[in-house]
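In the numbering used here, the protein residues as written are 8 to 283.
Quick reminder that beta carbons are idealized off the backbone N, C-alpha and C, glycines included.
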């Protein structure tokens with residue numbers, strides 16, 4: 008019965024996804040407005056700051072993040088305008104999206120509240136680790152790696168929403184875990200395409216569970232997320248802790264020894280705290 012129900016739910020999930028019937032989350036409005044303003048040739052960073060300032064909570068959080076170890080600002084930043092000027096367009100867009108992401112992990116029912124909180128905590132941990140790994144071991148953009156970490160498991164959100172309407176699924180943790188494991192990468196890829204994210208970030212959602220991935224060229228954001236995701240589970244009984252890390256190509260791509268101390272743990276914790 009377990010297998011029959013799981014198979015039926017997975018079939019429906021993939022069918023709805025393929026036929027554009029699966030309800031996918033929308034990017035928070037303020038993140039969309041910041042993106043649209045940056046893409047408008049007739050606007051500047053001052054206009055972006057005005058969009059952000061219209062949201063008091065976001066403004067406060069952005070200033071907090073701008074003064075956190077995440078940016079390592081030489082002087083205290085006291086206004087949205089100063090934060091945006093300090094960060095520039097790309098970093099502002101990535102950090103606004105990152106900060107706004109948290110509201111998407113709010114449960115609409117008690118049934119999924121704990122799972123969503125756990126998922127957000129894991130996402131912020133992977134994001135913080137990715138930010139540190141990127142800055143230390145690659146020439147890629149740490150703020151982009153931070154965003155990649157926050158969205159890598161975004162595909163789980165519609166699955167949890169679906170589960171709220173299927174009592175048998177909510178009551179069966181193992182089945183729900185199995186469905187999320189099998190479907191969240193494909194769903195996540197669809198979400199990020201809908202949001203018009205870059206191909207390199209879409210690839211993170213689609214490919215981060217492929218620990219045998221061995222793509223030609225230097226390390227990319229998927230490699231960073233693979234390493235950060237594995238590292239985030241160290242010390243737990245998660246299946247990723249049981250694999251031979253020397254066989255994971257992403258570690259070699261980053262020039263890492265699997266058993267070495269990879270990043271500044273205190274800095275990672277501070278970055279995670281800044282993300283909420």
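{"Check": "Residues of its chain near residue 157, where Cβ-Cβ distance is below 6 Å and the 5 sequence neighbours each way are ignored", "Outcome": "105, 108, 130 and 134"}
{"Check": "Buried or exposed by the 16-neighbour rule on C-beta atoms within 10 Å, applied to residue 152", "Outcome": "buried"}
{"Check": "Rounded straight-line distance, which links the Cα of residue 221 to that of residue 261", "Outcome": "12 Å"}
{"Check": "Test item: CB-CB of residue 236 and residue 138 under 8 Å", "Outcome": "no"}
{"Check": "Of the residues 30, 64 and 231, the one placed nearest residue 142, counting alpha carbons only", "Outcome": "231"}
{"Check": "Rounded distance between the beta-carbons of residue 183 and residue 118, thought under 8 Å", "Outcome": "Not really, about 10 Å apart at Cβ, beyond 8 Å."}
{"Check": "Beta-carbon gap between residue 31 and residue 148 smaller than 8 Å", "Outcome": "no"}
{"Check": "Start-end ranges of the alpha helix (DSSP H) lying completely within the segment 89 to 168, minimum 4 residues", "Outcome": "117 to 144 and 149 to 158"}
{"Check": "Outcome for residue 8 when other beta-carbon atoms lying within 10 angstroms are tallied against a minimum of 16", "Outcome": "Summary for residue 8: the model assigns pLDDT 49, below 50, so the residue's position carries little reliability; its value from the coordinates is reported in the next sentence. Under this definition residue 8 is an exposed residue."}
{"Check": "Local conformation of residue 44 per DSSP, three classes", "Outcome": "helix"}
{"Check": "Classification of residue 215 by the beta-carbon crowding that lies within 10 angstroms, buried from 16 upward", "Outcome": "buried"}
{"Check": "Cutoff 8 Å; reference residue 65; Cβ partners in own chain excluding five residues on either side", "Outcome": "37, 59, 103, 106 and 107"}
{"Check": "For residue 233 and residue 195, believed in contact at Cβ under 8 Å, the rounded distance", "Outcome": "Not a contact, Cβ separation roughly 14 Å."}
{"Check": "Distance between residue 170 and residue 249 (C-alpha atoms, nearest Å)", "Outcome": "29 Å"}
{"Check": "Local conformation of residue 32 per DSSP, three classes", "Outcome": "coil"}
{"Check": "For residue 125, the nearest candidate out of 16, 190 and 167 (CA to CA)", "Outcome": "167"}
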